[in-house]
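Asks: Residue numbering for the sequence shown follows UniProt numbering, beginning at 1 and increasing consecutively.
Just so you know, even glycine gets a beta-carbon here, dropped at the ideal spot from N, CA and C.
The structure displayed is predicted, hence computed values, not measured ones.
Here it is, the structure in full.
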Amino acid sequence: LEKARQNERKHAIREGLVADPDKPRSLADAITPVGTCQDMCAEFERVQRVVQADVWKEEADPNHPSYGTMSQEPIEARMVKKFRRAAAGLEEQLPSDLRPPPVLKKTLEYLFEEVIGNAPGLHDVHGFVWDRTRAIRNDFSIQQCTKIDDLRVAIDCYERIARFHIVSLHELAVSPKPYDAYDPQQEREQLDRTLLSLIEYYDDVRGRLPLPNEAEFRAYCVIKQLQDPTPDLEDRVQCWPKEIVHDRRVQTALDLYAAACNAMDSQGPLKPRATHLIAQQDWQKFWRTISSPKVSYLMGCVAEIYFNLVRRTLLNALWRACNGNPRAPPHDVTIEYLAELMKLDEEEQVRTFCEGHGFSFAEGAEGEYLNLSS
Numbered sequence: 001l002e003k004a005r006q007n008e009r010k011h012a013i014r015e016g017l018v019a020d021p022d023k024p025r026s027l028a029d030a031i032t033p034v035g036t037c038q039d040m041c042a043e044f045e046r047v048q049r050v051v052q053a054d055v056w057k058e059e060a061d062p063n064h065p066s067y068g069t070m071s072q073e074p075i076e077a078r079m080v081k082k083f084r085r086a087a088a089g090l091e092e093q094l095p096s097d098l099r100p101p102p103v104l105k106k107t108l109e110y111l112f113e114e115v116i117g118n119a120p121g122l123h124d125v126h127g128f129v130w131d132r133t134r135a136i137r138n139d140f141s142i143q144q145c146t147k148i149d150d151l152r153v154a155i156d157c158y159e160r161i162a163r164f165h166i167v168s169l170h171e172l173a174v175s176p177k178p179y180d181a182y183d184p185q186q187e188r189e190q191l192d193r194t195l196l197s198l199i200e201y202y203d204d205v206r207g208r209l210p211l212p213n214e215a216e217f218r219a220y221c222v223i224k225q226l227q228d229p230t231p232d233l234e235d236r237v238q239c240w241p242k243e244i245v246h247d248r249r250v251q252t253a254l255d256l257y258a259a260a261c262n263a264m265d266s267q268g269p270l271k272p273r274a275t276h277l278i279a280q281q282d283w284q285k286f287w288r289t290i291s292s293p294k295v296s297y298l299m300g301c302v303a304e305i306y307f308n309l310v311r312r313t314l315l316n317a318l319w320r321a322c323n324g325n326p327r328a329p330p331h332d333v334t335i336e337y338l339a340e341l342m343k344l345d346e347e348e349q350v351r352t353f354c355e356g357h358g359f360s361f362a363e364g365a366e367g368e369y370l371n372l373s374s
């Protein structure tokens, strides 16, 4: 296989299918490879990973005695291409390593319908699906699809991958972590990158393809701007198509955005930094909108990322109100009252959140209350 791969690379360079690493090219002459792999994982990678004992449990035979061990028996039909990070010294992928759009779609359907669909819970297979969907996006990126049918497939796949990350952020937001390697920050980063690529696809095909789900994902993008250091959302929204801007989902997202924005976090990029221009700091409106039928399950999952931001704004407002009379702080901000204001389920969650921001609790006639002078 190694010799065959070397010959394949020489042939691909000779035919102009991949770039010759020994001959520099200008950007205008760059070669865009076209995938030819018809499997979910190329043969060379399958063999290489078996030799290196890099077979994931989702790719192994669960009925084999070695299942779950370093020498677990793989089922080649279940093997899915692993994400490979670009790095200096790594050879460019060959056409036989890259899966064309129809195969990428088939692979994604397998991951969602077979792997996740047959798993006891999302946390059991999340790490595997997270890595393999990243590899799918990488294959799309390398091939730089231009054909309309390929672009249609790419948009469908990116939309489904974005929903996967959104659901994961909610379902796996548990303590302790669902599994050791899980990192919610990395989940957010991959969601951001997926949405960014998806929006670029939308802009590229506008007028050539119908985009029935664009408003849904534009709404997610609006909410995701809540902690963006460059507050240019209003300017960018004005460049969107009118039917998108006036869509009820986008309007709901804009309402959530305005309600959750605060005047205490300064914005950039220029210095001196300024406070937000449309900050309402209206946590009551935010919670009310979240609990309304206008907010879908997935939109709620995206907004959940910023629940603690809204709670911090609320806590800051209470503290500032107390500053007017620091010698006689109120005793009626009980832990039960805070739980209702912050929409937290348990008193211990309230205590942990407030103590994490430097506050303490005291005992009063009506029970435990937040000591705002602390």
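Between which two residues does the beta strand (DSSP E) carrying Gly367 extend?
Replies: That run of the beta strand (DSSP E) goes 367-371.
Asks: Is it buried or exposed, Pro21, if we count other Cβ atoms within 10 angstroms and call 16 or more buried?
Replies: The residue in question, Pro21, is exposed, as its Cβ has fewer than 16 Cβ neighbours within 10 Å.
Asks: Near Glu159, which residues of its chain fall below 6 Å by C-beta distance, leaving aside the five closest residues on each side in sequence?
Replies: Here the set comprises Asn213.
Asks: Which class does Ala317 belong to by DSSP, given the choice of helix, strand or coil?
Replies: DSSP places Ala317 in helix when its eight states are reduced to three.
Asks: Three or more beta-carbon pairs under 8 Å between the region 134-151 and the region 163-178, yes or no?
Replies: Taking 8 Å as the limit for Cβ pairs, the verdict is that the region 163-178 does not touch the region 134-151.
Asks: Can you give the beta carbon distance from Glu73 to Ala60, rounded, assuming they're within the 8 Å contact cut?
Replies: Contact holds; Cβ gap of about 6 Å.
Asks: Which one or two residues does DSSP pair with Ser360 in a beta bridge?
Replies: For Ser360, which the question treats as bridged, DSSP gives the partners Asn371.
Asks: Would you please state the rounded distance, in angstroms, between the beta carbons of Val245 and Val222? I believe it to be under 8 Å.
Replies: Rounded, the Cβ-Cβ distance is 10 Å, inconsistent with contact.
Asks: Gly16 to Ser197, Cα distance in whole Å?
Replies: Rounded to whole angstroms, Gly16 to Ser197 spans 27 Å at the Cα level.
Asks: I'd like the span of the alpha helix (DSSP H) that includes Ala260, first residue to last.
Replies: Taken as a continuous stretch (DSSP letters only), the alpha helix (DSSP H) holding Ala260 covers 248-260.
Asks: State the CB to CB distance for the pair Arg311 and Phe353, rounded to an integer number of angstroms; the pair is presumed to be in contact (CB under 8 Å).
Replies: Arg311 to Phe353, Cβ: 6 Å. Contact.
Asks: What do you reckon, are the CB atoms on Leu108 and Cys41 nearer than 8 Å?
Replies: No.
Asks: Among the candidates Gly117, Gln280, Lys57, Ala215, whose CA atom is the shortest distance from the CA of Arg248?
Replies: Ranking Gly117, Gln280, Lys57, Ala215 by Cα distance to Arg248 puts Ala215 first.
Asks: Of the choices Gln227, Asp235, Ala253, Phe359, whose alpha-carbon is the least far from that of Arg218?
Replies: Selected option, being the one with the closest Cα: Ala253.
Asks: Does Lys147 pass the burial test, meaning 16 or more other C-beta atoms within 10 Å, or should it be called exposed?
Replies: Exposed, by the Cβ-count rule.
Asks: Just curious, the alpha helix (DSSP H) that Gln6 is in, first and last residue?
Replies: From DSSP, the alpha helix (DSSP H) with Gln6 extends over 2-14.
Asks: Using a Cβ-Cβ cutoff of less than 6 Å, which residues in the same chain neighbour Thr32 once the five nearest sequence positions on both sides are dropped?
Replies: If we look at Thr32 and ignore the five residues flanking it on each side, its Cβ neighbours are Gln144.
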